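Residue numbers (our numbering): 11 to 120.
Reviewing the structure listed below.
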């Protein structure tokens, strides 16, 4: 399992992405054969979260992920095609960034 590296996160004002290598990463030329040559040899960025409205706690998310979680575990929990039983809601839910962070113990701002 690969730990998150703080320097490999990118934030554009709405999307938090991770550009580091991990055991399930795929290079850009494989994921998107028509990519710009400057992307060759670099891993495809992984979607971490989208912060659309209001308070955007992306720095707190980055710090939590770096300290507590492996990349592979977070990506598994946040994948919308995976289903998990939620103790909080009492029924099966699809994976999402919020579900992943809650199940990993992130409490957020109180």
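Note that beta-carbon positions come from the ideal geometry of N, C-alpha and C, so glycine has one too.
Bear in mind that the values here come from a model prediction, so they are computed numbers and not experimental data.
Limits of the unbroken alpha helix (DSSP H) element including residue i
i, result
"residue 73", "68–78"
"residue 38", "38–41"
Under 8 Å between C-beta atoms of residue i and residue j
i, j, result
"residue 87", "residue 115", "no"
"residue 32", "residue 82", "yes"
"residue 118", "residue 67", "yes"
"residue 34", "residue 72", "no"
"residue 75", "residue 84", "yes"
"residue 112", "residue 98", "yes"
"residue 14", "residue 25", "no"
Alpha carbon of residue i to alpha carbon of residue j, nearest angstrom
i, j, result
"residue 54", "residue 41", "7 Å"
"residue 70", "residue 39", "32 Å"
"residue 57", "residue 90", "12 Å"
"residue 50", "residue 19", "19 Å"
"residue 107", "residue 59", "6 Å"
Secondary structure of residue i, DSSP reduced to three states
i, result
"residue 84", "helix"
"residue 107", "helix"
"residue 16", "helix"
Span of the beta strand (DSSP E), counted from its first residue to its last, around residue i
i, result
"residue 61", "Looking at the DSSP string, residue 61 is not in any beta strand (DSSP E), and its letter there is neither H nor E."
"residue 19", "19–21"
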